[in-house]
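Residue numbers (this note's numbering), protein chains in the order written: chain A, 914 to 1030; chain B, 3 to 116.
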């Protein structure tokens, strides 16, 4: 079974609108971390946001927020006020194990977001 | 502050040749990582380090070796390159702060093994 599932291979959003990228995860650990990354067509990998399993508040970073629903094992990324520069591939990832452990990051297959002007 | 840099940016090797990829960070981070990314996929962890002088295996360590002799540098070695090692290699470093973990990535190294 896949540990990280991103069900949207591709998505379109109108500029200035908000968009939600889905991510569900599967783990039996109580302690884990969830990550989102952006990879533009230029190829670099950009870390966006982190959510710890024990964090009660949803993580936010500028226009990015992580909608963390622990019971549903869901960690959706919300991008507010989309910009043309947001067009990229977005990856969700999980690291199992205790906080500050440096175990393996498991990645989803990604969602390609295209922002329309 | 250059962040995370990688050398070289692109390399072509013949099967059986060896090479070393260099990753350097100037942010005094303890944690450093080497990942590979194959077409249409996310990253897979090769090796990582939690501090100077320490390294550990990740998900796909076979065929690679690493060293962390200095805190700012993390070297990835291929002793005998194989076509299956054709990939894009990313180095990253991270730290833990009030908001949890924050990661920084290098620009990547494209490696083609013929």
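C-beta: ideal position from N, C-alpha, C; glycine also. Note that the coordinates shown come from a computational prediction; the quantities given were computed from them, not determined experimentally.
Check: If residue 1007 of chain A and residue 945 of chain A are in contact, beta carbons under 8 angstroms, what's the gap, nearest whole angstrom?
Finding: At roughly 6 angstroms, the Cβ-Cβ gap stays under 8 angstroms, so residue 1007 of chain A and residue 945 of chain A are in contact.
Note to self: Please report the straight-line C-alpha distance between residue 78 of chain B and residue 930 of chain A, rounded to a whole angstrom.
What the structure shows: In a straight line, the C-alpha of residue 78 of chain B is about 42 angstroms away from that of residue 930 of chain A.
Notebook entry, point to check: Does the beta carbon of residue 945 of chain A come closer than 9 angstroms to any beta carbon on chain B?
Noted result: Chain B contact via Cβ: absent.
Notebook entry, point to check: Given residue 987 of chain A, which residues of its chain have a CB within under 6 angstroms of its CB, disregarding the five upstream and five downstream residues?
Noted result: Counting only residues of its own chain and dropping the five nearest sequence neighbours on each side, residue 987 of chain A has a CB closer than 6 angstroms to the CB of 937.
Notebook entry, point to check: Of all the residues that make up the segment 98-109 of chain B, which are near chain D by a beta-carbon distance shorter than 8 angstroms?
Noted result: No chain D appears in the structure shown, which is made up of the protein chains A and B.
Checklist line | Sequence-distant residues of the same chain with beta carbon closer than 6 angstroms to residue 39 of chain B, five excluded per side | finding: Cβ neighbours of residue 39 of chain B beyond the five flanking positions: 45, 90.
Next item on the list: Compare the C-beta of residue 94 of chain B against all C-beta atoms of chain A and say whether one is closer than 9 angstroms.
Entry: At a cut-off of 9 angstroms between C-beta atoms, residue 94 of chain B counts as an interface residue with respect to chain A.
Notebook entry, point to check: Does the Cβ-Cβ distance between residue 107 of chain B and residue 92 of chain B come in under 9 angstroms?
Noted result: Yes.
Next item on the list: Give the DSSP bridge partners of residue 103 of chain B, in chain order.
Entry: Answer is B:98.
Next item on the list: Please go through the segment 50-94 of chain B and give each complete beta strand (DSSP E) segment of 3 or more residues, from N-terminal end onward.
Entry: As far as the segment 50-94 of chain B is concerned, its whole beta strand (DSSP E) runs of at least 3 residues are 56-59, 67-69, 75-80.
Note to self: Could you check whether residue 87 of chain B and residue 30 of chain B sit closer than 9 angstroms to each other, using their CB atoms as the reference points?
What the structure shows: No, the Cβ-Cβ distance between residue 30 of chain B and residue 87 of chain B is not below 9 angstroms.
Checklist line | Partner residues on chain B for residue 1017 of chain A, Cβ-Cβ distance less than 7 angstroms | finding: In chain order: 47, 60, 61.
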